[in-house]
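J.:
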Amino acid sequence: MDLKEKLIILSDSAKYDASCSSSGSTRKNDKDGIGSAAACGICHSFASDGRCISLLKILMTNCCIFDCKYCINRRSNDVKRAIFTPEEICEITINFYKRNYIEGLFLSSGIIKSPDYTMEKLIETVYLLRNKYHFNGYIHCKAIPGASESLLKKLASLVDRISANIEMPTENGLKLLAPDKDTNKIDKIMKTVKENRNRNFAPAGQSTQMIIGASKETDLDILSKSSSLYNTYNLKRVFYSAYVPVNSDKLLPSIKMPPLVRENRLYQADWLLRYYNFKVNDLLDSNNPNFNILLDPKTDWALRHLEEYPKEINKASYYDLLRVPGIGPTSAKKIVSSRKYFTITFDDLKKMNVSLKKAKYFILCNGKYFAENKSLRKETITTSLLLENKESTDGLKQLSLFE
Amino acid sequence: MRNVYLYDGSFSSLLYLVVTLLHSSLTPADIKSYEEYQANLLDNAISIKLIEDEIIYKSYLNKLSSKVMHIVYYVYLSSNERKELVIYYFIKNALKYKDEIIYRRNLNCVNEALKLSKYVGSENHKFKGFLRFKELDNGLYYAEVTPNNNIISLLAIHFKDRLRNESFLIKDKKRNIYALKDESKIYYLNDKDIEKLNINLSDNEKDIEELWKTFFKTIAIKERKNKKAQMNFMPKRYWKDMIEMEEEYENSDKR
């Protein structure tokens with residue numbers, strides 16, 4: 003099998019991993035080395051599905067002793083299998099890096115022989131890349147659940163980011179769809195990484211991924227899981243991957259298209275947890291366990307709390323500004339630092355590049371509302387937002403595709 | 002008559018000219034480089050004698066923080082035709098408001114300076130990702146870019162750190178200027194310095210390009226196809242210099 007065919011098989015089976023982030027590390031180049039990491043991360047291209055390509059995302063092998071229902075590489079599937087040698091992975095990575103195709107490597111793998119054996123092979127590859135090829139670019143590597151702690155530590159000391167995918171938000175979901183996987187083993191990895199993390203041990207931290215829509219969990223289940231992961235293990239990111247139906251199985255939902263709008267809502271809500279001081283209970287509860295498909299979670303929240311609006315831009319606290327739809331941390335900081343020196347008007351907000359499309363319904367600038375009529379009615383705002391908002395009309399189209 | 006002050010196009014001359022104007026209480030209608038200035042009957046084009054006393058320059062420029070100087074330099078790299086005037090007014094106000102200047106977005110010069118410097122910064126960031134090197138048969142790594150702003154020096158510094166053991170040449174096709182990195186030095190060249198550029202690819206270059214194009218195609222999930230998002234993040238003007246998009250660019254409506 004030639005290199006090109008291997009690359010097709012092993013990138014095709016790696017593509018369902020959503021993470022391609024190359025941020026969070028400031029690894030420097032050394033005297034004889036090649037590469038460095040950029041703290042902000044760099045996107046090198048965008049695939050035809052609109053996703054960023056930053057890292058060479060491949061599996062070491064798609065052979066696997068596990069039989070997870072949702073996975074294309076499960077043992078019981080009749081698919082072409084391939085294995086990269088460590089040298090092959092290093093050569094492709096270096097050749098791609100020198101031409102500035104990529105920011106680094108994202109290496110994952112099916113499980114061959116045993117978790118320890120697979121982990122040893124991953125370590126061998128990354129060790130070669132760092133020490134023989136003197137590669138100082140970004141490396142994200144998957145940790146194999148069930149491998150020994152000493153191997154995990156060895157791997158984490160070579161890479162920038164390490165991750166173990168939790169896949170399903172509840173233990174029941176995992177038992178049902180991934181009978182070979184065990185949440186305890188994933189927890190153990192996360193705990194070890196959290197306790198040992200420093201500038202020479204996974205400096206860019208750890209992340210994980212959940213598949214959305216392959217099992218019956220609600221958005222509330224998913225977001226609660228994310229929130230507890232952020233709090234317990236200081237994860238950098240939880241990625242959400244809309245389930246793409248690759249296998250047919252009576253345990254799997256029969257959908258044609260991945261639930262992309264739902265995935266997007268979860269990302270938006272995830273952002274609200276990490277950067278906007280929202281709690282899961284602000285957004286969802288048992289009476290209301292799933293997100294509104296038509297409106298983003300923050301707008302939806304604001305419309306349910308209209309009595310608190312409009313907020314005066316020149317007086318509202320930083321945290322109140324963050325809760326205004328359309329205003330994010332960058333805009334809120336600009337507003338707070340500028341209003342010390344002058345009174346902000348709607349024109350000034352435009353100059354500051356603050357998006358008013360959603361915000362205008364929820365704010366006052368120096369006592370003025372954007373329209374004559376100040377009465378805030380939920381229905382009026384909702385209708386205007388939906389009419390103005392491209393995203394939700396796109397959402398409607400997608401919705402009609404898979405329902 | 003509009004008083005248009007001329008300078009040689011370099012960053013230091015521009016700073017010296019701005020200080021000379023401020024120190025002599027002269028208000029420019031415009032500032033232009035000799036190269037870009039086009040004579041006009043309404044203009045009074047002036048090549049002013051710059052102040053020679055270094056101490057006067059220092060008394061002005063040392064008052065500007067590194068944050069402000071960073072913005073001034075990025076505005077200078079922009080291709081906006083008002084950039085010199087924006088710099089003049091931005092520096093004038095920065096001397097008055099000190100570091101508060103960057104929060105005074107209600108002043109037009111501040112708003113414009115921040116927008117232009119942000120544009121240069123974000124274009125630089127994009128090209129750090131989208132630039133593509135090809136390995137030539139003499140071992141040189143060669144890239145062509147067509148940026149809107151004059152960011153070749155920013156790119157050269159970025160890649161000099163990453164590709165420490167490689168020599169590279171980056172060509173800005175819009176301005177016909179080159180950045181050559183050899184050993185640990187960067188040289189800036191123009192067409193006159195480069196007699197003939199032989200672009201002969203190394204033996205395995207096509208194979209590696211083919212691997213990359215293969216990866217690029219395979220990594221996309223067809224059930225999630227979204228060309229609009231792709232185009233938003235990576236507008237068409239970048240495509241012609243990116244090997245994975247070349248073919249699609251050739252087959253597309255090139256506007």
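As they're listed, the protein sequences go chains A and B. Position one of the first sequence corresponds to residue 3 (this note's numbering), numbered consecutively onward. Position one of the second sequence corresponds to residue 2 (this note's numbering), numbered consecutively onward. The C-beta atom is built at its ideal place from N, Cα and C for all residues, glycine as well.
Where does the unbroken alpha helix (DSSP H) through Leu27/B begin, and where does it stop?
T.: Counting along the chain, Leu27/B falls outside any alpha helix (DSSP H), and DSSP gives it neither H nor E.
J.: Between the Cα of Phe310/A and those of Gly43/A, Ile146/A, Ile191/A and Tyr363/A, spot the shortest distance and give me the residue it belongs to.
T.: According to the sequence shown, residue 310/A is Glu rather than Phe. Of the candidates Gly43/A, Ile146/A, Ile191/A and Tyr363/A, the one whose C-alpha sits nearest the C-alpha of Glu310/A is Tyr363/A.
J.: Buried or exposed, going by whether 16 or more other CB atoms sit within 10 Å of the CB of Leu305/A?
T.: By the 10 Å Cβ count, Leu305/A comes out buried.
J.: With contact counted as at least three CB pairs below 8 Å, one residue from each stretch, are the region 135-144 of chain B and the region 196-204 of chain B in contact?
T.: Flag = yes, the region 135-144 of chain B and the region 196-204 of chain B touch.
J.: For Phe348/A, which residues of its own chain have a beta-carbon under 6 Å away from its beta-carbon, when the five flanking residues on both sides are left out?
T.: Here the set comprises Cys367.
J.: Within the continuous beta strand (DSSP E) that includes His142/A, where are the two ends?
T.: Note, His142/A: beta strand (DSSP E), Tyr140 to Lys144.
J.: Give the C-beta separation of Ile164/A and Gln208/A to the nearest angstrom, bearing in mind that I take them to be a contact with Cβ-Cβ under 8 Å.
T.: About 5 Å separates the two Cβ atoms, so the contact holds.
J.: To which residues does DSSP link Ala244/A through a beta bridge?
T.: DSSP, once it has assigned bridges, lists Ile214/A as partnering Ala244/A.
J.: Can you name the residues of chain A whose CB is closer than 7 Å to the CB of Ile220/B?
T.: Ser13, Lys17, Ala49, Ile55 and Lys59, listed in chain order.
J.: Which chain A residues sit within Cβ distance under 8 Å of Gln231/B?
T.: Going along chain A in sequence order, the residues near Gln231/B (Cβ under 8 Å) are Phe48, Ala49, Ser50, Asp51 and Gly52.
J.: Find out if the Cβ-Cβ distance for the pair Asp284/A, Asp182/A is shorter than 8 Å.
T.: Not in contact: Asp284/A and Asp182/A (Cβ atoms no closer than 8 Å).
J.: Restricting to Cα atoms, I'd like to know which of Arg133/B, Leu43/B, Tyr143/B and Val69/B is closest to Val111/B.
T.: Checked all of Arg133/B, Leu43/B, Tyr143/B and Val69/B; the closest Cα to Val111/B is Val69/B.
J.: Residues of the region 30-42 of chain A in Cβ contact with chain B at a cutoff of 8 Å, in chain order, please.
T.: Residues Asn31, Lys33, Asp34, Gly35, Ile36, Gly37, Ser38, Ala40 and Cys42.
J.: When you compare the CB of Phe98/A with every CB in chain B, is at least one pair closer than 8 Å?
T.: So yes, Phe98/A belongs to the interface.
J.: Quick one: what's got a C-beta closer than 6 Å to Pro117/A's C-beta in the same chain, skipping five residues either side?
T.: Hits under 6 Å: Ile146, Gly148 and Ala149.
J.: Just checking, does the region 102-113 of chain A make contact with the region 128-144 of chain A on the three C-beta pairs under 8 Å criterion?
T.: As far as the Cβ criterion goes, the region 102-113 of chain A touches the region 128-144 of chain A, which means the pair count is three or higher.
J.: Quick check: the Cα distance between Lys238/A and Trp273/A, rounded to an integer number of angstroms?
T.: Taking the straight line from one Cα to the other gives about 11 Å.
J.: Name the DSSP bridge partner or partners of Ser110/A?
T.: Note: Ser110/A sits in a beta bridge opposite Leu61/A.
J.: Can you tell me which of the three DSSP states Cys54/A falls into?
T.: Of the three classes helix, strand and coil, the one that applies to Cys54/A here is strand, per DSSP.
J.: Can you tell me whether Cys92/A is buried or exposed, with buried defined as 16 or more other CB within 10 angstroms of its CB?
T.: Cys92/A should be labelled buried.
J.: Can you confirm whether Ile329/A, when its beta carbon is compared against all beta carbons of chain B, has any partner nearer than 8 Å?
T.: Chain B, which has no Cβ nearer than 8 Å to the Cβ of Ile329/A, makes this no.
J.: Buried or exposed: Ser394/A, going by 16 or more other Cβ atoms within 10 Å of its Cβ?
T.: Caution is warranted here: a pLDDT of 49 is assigned to Ser394/A, below 50, making its placement in the model unreliable, and the coordinate value is therefore given only provisionally. Ser394/A should be labelled buried.
J.: Give me the Cα-Cα distance between Ile209/B and Ser79/B, rounded to the nearest whole angstrom.
T.: Those two C-alpha atoms are separated by around 35 Å.
J.: Identify the contact partners of Leu262/A in chain B, using a Cβ-Cβ distance below 8 Å as the criterion.
T.: Going along chain B in sequence order, the residues near Leu262/A (Cβ under 8 Å) are Arg225.
J.: Measuring only the C-alpha atoms, how far is Ile60/A from Thr127/A?
T.: Straight-line Cα distance between these residues: approximately 13 Å.
J.: Report the residue ranges of all alpha helix (DSSP H) runs contained in full by the region 159-202 of chain A; include only those spanning at least 4 residues, in chain order.
T.: Segments of the alpha helix (DSSP H) lying fully in the region 159-202 of chain A: 173-179 and 185-198.
J.: Rounded to whole angstroms, what's the CA-CA distance from Lys123/A to Ala20/A? Just pull it up for me.
T.: For Lys123/A and Ala20/A, the distance between alpha carbons rounds to 23 Å.
J.: Taking Cβ-Cβ distances shorter than 7 Å, what residues in chain B pair up with Ser23/A?
T.: Chain B residues near Ser23/A: none, gap ~13 Å exceeds 7 Å.
J.: With a cut-off of 8 Å on the beta carbons, I'd call Ile153/B and Ile178/B a contact; round off their distance for me.
T.: Going by Cβ atoms, the distance from Ile153/B to Ile178/B rounds to 6 Å, so yes, they are a contact pair.
J.: Under 8 Å, Cβ to Cβ, is there at least one residue of chain A near Met235/B?
T.: Taking Cβ atoms only, chain A reaches closer than 8 Å to Met235/B, which makes this a yes.
J.: Go ahead and label Lys17/A buried or exposed: buried means 16 or more other beta carbons lie within 10 angstroms of its beta carbon, across all protein chains shown.
T.: Burial call: buried.
J.: Using the beta-carbon count (16 or more within 10 Å), is Gly215/A buried or exposed?
T.: Buried, since its Cβ has 16 or more Cβ neighbours within 10 Å.
J.: Near Met246/B, which residues of its chain fall below 6 Å by C-beta distance, leaving aside the five closest residues on each side in sequence?
T.: Taken in chain order, the residues that qualify are Trp240.
J.: Is the number of C-beta pairs between the region 13-28 of chain B and the region 83-95 of chain B that are closer than 8 Å three or more?
T.: In short, these stretches touch, since the Cβ pair count reaches three.
J.: Measuring only the C-alpha atoms, how far is Phe203/A from Ala39/A?
T.: One C-alpha to the other measures close to 15 Å.
J.: Since Gly330/A contacts Lys359/A with CB under 8 Å, what's their CB separation in whole angstroms?
T.: At roughly 13 Å, the Cβ-Cβ gap does not stay under 8 Å, so Gly330/A and Lys359/A are not in contact.
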